[in-house]
Amino acid sequence: IPSNFVLTVVGDLKKDQLVPYVKTLFGAFPVSGNKIPVVAPEPPLTKFREAHLNRPGAQTHLVIGYLGVGLKSRDNPPMALIKTALAGQGGRLFTQLRDKQSLAYAITAFRSPGLETGVFGAYLACDPSKTAVATEAIFKELDEIREKGLTKKELEGAKSYLLGNLLIGLQTNGSQAMQMALDELYGLGYNNLPRFIRDIKAVSLDDIKGAAQKIIVPGRYVLVTVGPGQQKGK
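My numbering numbers the first residue of the sequence shown as 2 and each following residue consecutively.
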């Protein structure tokens, strides 16, 4: 709908020349009365849900998902840091389950905050014979995060890594324009980035633990496995 789009421009341009030109291109677009529909929130999980696809093969793939947080939630920055601390080759999941216990071929954490809610979870691929042990091990690490949060070293490392990658990804005019456009569309404001950076820097160990206890709730998750044999949830 033309009246609902956002245009962002980043570069060596003068506003007094750009604005009149943009108006000649888009000023005559009709205004629509259509509004973004209100979607009913996903009800909270009261127990775990499980699905298994029996597929013969050399690996089992497992995904654990929890209802996450929205973009405007005060728990969004802490959950971003929890995901960062868990994911990647230097993350807790990789270190504990792959390096130390040799339980997974691949393992990571993921998150996707939305306008109203989001998702947080973990993924692993393992030898089918190790599925049960690997499942217990990944839940153990998630429970540890819920009960104890992150260490000070993990938190500082996650902040440095997240902010460093964020700024590296915004080195071009195009990437900056995209970030500003999305933030404006999401209702965060085109100038949200400095605020998000401040919020990340301000996250405390207590913030991490508080967010984890709201999201990583025992028995309130979805578990999906694809591989040979059967798999039961925790």
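Where a beta carbon is used, it is the ideal one built from N, C-alpha and C, also for glycine.
- For the pair aspartate 208 and leucine 151, the Cα-to-Cα distance works out to about 10 Å.
- It is roughly 14 Å from the alpha-carbon of glycine 115 to the alpha-carbon of glutamate 185.
- Considering only Lys48, Gly122 and Lys153, the residue with the shortest C-alpha distance to leucine 143 is Gly122.
- Pairing phenylalanine 111 with alanine 29, the inter-Cα distance amounts to about 43 Å.
- Leaving aside the five residues that flank arginine 99 on each side, the residues in its chain whose CB is nearer than 7 Å to its CB run, in chain order, Ala105 and Ile108.
- When rounded, the separation of the alpha-carbon atoms in leucine 206 and glycine 92 is 17 Å.
- Contact between leucine 72 and leucine 189 holds, with the beta-carbon distance rounding to 6 Å and staying under 8 Å.
- Distances from the alpha-carbon of valine 70 to those of His62, Pro79, Leu63 and Lys36 put Pro79 closest.
- The segment 194-203 makes no contact with the segment 30-47: fewer than 3 CB pairs, one atom from each, lie closer than 8 Å.
- Within the segment 40-97, complete beta strand (DSSP E) segments of at least 3 residues are found at 50-55 and 61-68, given in chain order.
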